[in-house]
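Here is the structure we will look at, set down as structure tokens.
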Amino acid sequence: MFKKKVSILSLALVLLLTVVLSACGSKEGGNKPNEPAKEEAAVQSDGTVDASKLDPVKLKMYMIGPNQKDLPMVQEEINKYLTEKINATIEISMIDWGDYSQRMQVITSSGENYDIAFTSSWAFDYLPNAAKGAFKPLNDLLDQYGKGIKEALDPRFLEGTKVNGVNYGIPANKELAQQFVWRFNKKYLDKYNLDISKVTTLEDLEPLLKAIKENEPADITPLAVPKGFKPYLPFDFPLGDEIPIGMYIDTKDFKFVNLLDSPELKSALTTMREYYKAGYVREDVATLDGIDNIKTGKWLVDREITQPYAELGWSRNAGYDIVTRPMHDPVIYTSSAAGSMMAISSYSKNSERAMMFLNLLNTDVKLRNMIQSGLEGTHYKKLEEPYIEDMPAMQENYAMPGFALGNMFLTYLHEGEPKDKWEAFEKFNTSAVVAPTFGFNFNTAPVKTEVAAITNVAKEFIPALYTGSVDPDEYLPKAKQKFKDAGIDRVIAEAQKQFDEWKAQNK
């Protein structure tokens, strides 16, 4: 009987201690996780937040790009505003372009308690990190705290970035479609009266390139491309265009193929080889990491991904006129939908507040422009709505990567940009062709060894072949055999199996 009383007393003491500790924890706020019930109660019927009902929290966000000298100053003003809106502050840490993916993998693997990070199809890779649990599932959080996001975004952004029906990131509202264009230095078009009205294909460039090569000094590059150049091919790529596996955009049978066997690639490689031998590209193109043609102005044409009115921005940055010709109609790929995203870490202790912050980035004009353009009077001057003029301090101390910071459609315009810029983006997205694998995400785990092997083969052969630096008649057969030995057929078979299953479930 005595033992039973002691046991009951011990249990009562444990319960009492638990209640006391819980109460203490709830009063601290800061980085302590808030009770979801409080977060839910703070959201009003119109989706806005009553900050007075929330305990204060501090969020931590990692962003791609070089560190900016004035970030602490701007962050202080951001935090005043966030405190009013959602009773939160945020600490933004920048990691430079080349280091971002590797650093974020280390940070994530360490289990660091951060809240938000930039991710994409090309940096801190969205799909593999979502698949391995680095990011928090967002469907429920979007429904509760991200209603403004769902209203602002073209629904295809969220649909195209789902992984097995689950959203793990919030895409930036910008161009949804992708379109490659030939960019031209207008100075040389005018000088030689070169007509680009019918230029579409790689072959169409030949007479223009010849005119520059025969009449300009050797330091003027006719076709200014680095080793990463890829001739446009009408394919949808499940592993990105570095790997020669694709499905025709206008497919009827929905089959993945080896691009090395396609007539389109063989024709492009033959043309590029002719251009290389003619001196239309730089002799060191196969090892050229980048090319500073925009800065020097010593070029005729290069290749770039466009968006509405892109020529105006390129011309403004270059200091001379740049004009373009499209290679194809706009296409919506899974990779383009995932071109710029923000994810909430699976380690985040304040995921509800993090989603509230992301909701503001996509709906609140003041916050969205402050995080991108800094402070009025310091970094920019307000002109007639909706225009601003950059001040020297913006370029020197606060040059943020605007495309990575949420809803672009809320941002100010620069003088010379048309007022209908963002309406043009919406039309661009609406008019685009949807790629046949849009929304399909290839899980490479079953063939990870083969994918690693063919990736290495791609690094060995693709730059030299695609830039014309080697004879395709000699090197294409060698590349085919190397890819085959590395397991490309098994990768194609696995991609096809997964795609067929996905397509059957998404009729």
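Going left to right, the sequence shown walks through residues -23 to -1, 1 to 484 as mature numbering (1 follows the signal peptide of the UniProt record, and there is no 0) numbers them.
Even for Gly, the Cβ is constructed at its ideal location relative to N, Cα and C.
Item                                                                                                                                            : Value
Here's the rule I'm using: 16 or more other beta-carbon atoms within 10 Å means buried, otherwise exposed. How should F134 be labelled?         : buried
Taking the straight line between their C-alpha atoms, what separation do you get for L130 and D120?                                             : 14 Å
Based on DSSP bridge pairs, tell me the residues matched to H391.                                                                               : I365
What does R302 pair with, by DSSP beta-bridge criteria?                                                                                         : W159
Kindly indicate which three-state DSSP category W74 falls into: helix, strand or coil?                                                          : helix
Quick check: what's the CA-CA separation for P378 versus E451?                                                                                  : 43 Å
Using three-state DSSP, classify F402 as helix, strand or coil.                                                                                 : helix
By Cβ distance, which residues of its chain are closer than 7 Å to V468, with the 5 residues on each side in sequence left out?                 : I222, V424, E427, V428, I431
In terms of DSSP beta bridges, what is residue 565 paired with?                                                                                 : Here the chain comprises residues numbered -23 to 484, so residue 565 is not present and cannot be evaluated.
Assign Y122 to one of three DSSP states: helix, strand, or coil.                                                                                : helix
Should P148 and A314 be called a contact, given that it needs their Cβ atoms to be closer than 7 Å?                                             : yes
Would you say P184 and L265 are within 7 Å of each other, going by their C-beta atoms?                                                          : no
Roughly how many angstroms lie between the CA atoms of E241 and E478, to the nearest whole one?                                                 : 28 Å
Can you give the Cα-Cα distance for D47 and Y375, rounded to whole angstroms?                                                                   : 6 Å
Indicate whether F112 and Y165 have their beta-carbon atoms separated by less than 7 Å.                                                         : no
Quick one: which unbroken alpha helix (DSSP H) runs of 4-plus residues sit fully inside the segment 309 to 375? Chain order, please.            : 311 to 314, 328 to 340, 342 to 350, 369 to 374
By DSSP, does I93 sit in helix, in strand, or in coil?                                                                                          : strand
I'd like the list of long-range same chain contacts for G256, defined as Cβ closer than 7 Å, with 5 residues on each side in sequence excluded. : K190
Quick one: grab the DSSP three-state call for P199.                                                                                             : strand
Have a look at A94 and Q82 and give me their C-alpha separation to the nearest angstrom.                                                        : 11 Å
Counting Cβ pairs closer than 8 Å, one from the segment 333 to 347 and one from the segment 383 to 403, do we hit at least three?               : yes
Got a sec: does the ligand ZN put a non-hydrogen atom nearer than 6 Å to the Cβ of S350?                                                        : Within the structure as shown, the ligand ZN is missing, as the structure has no ligands at all.
Which of the three DSSP states is assigned to W276 in this structure?                                                                           : strand
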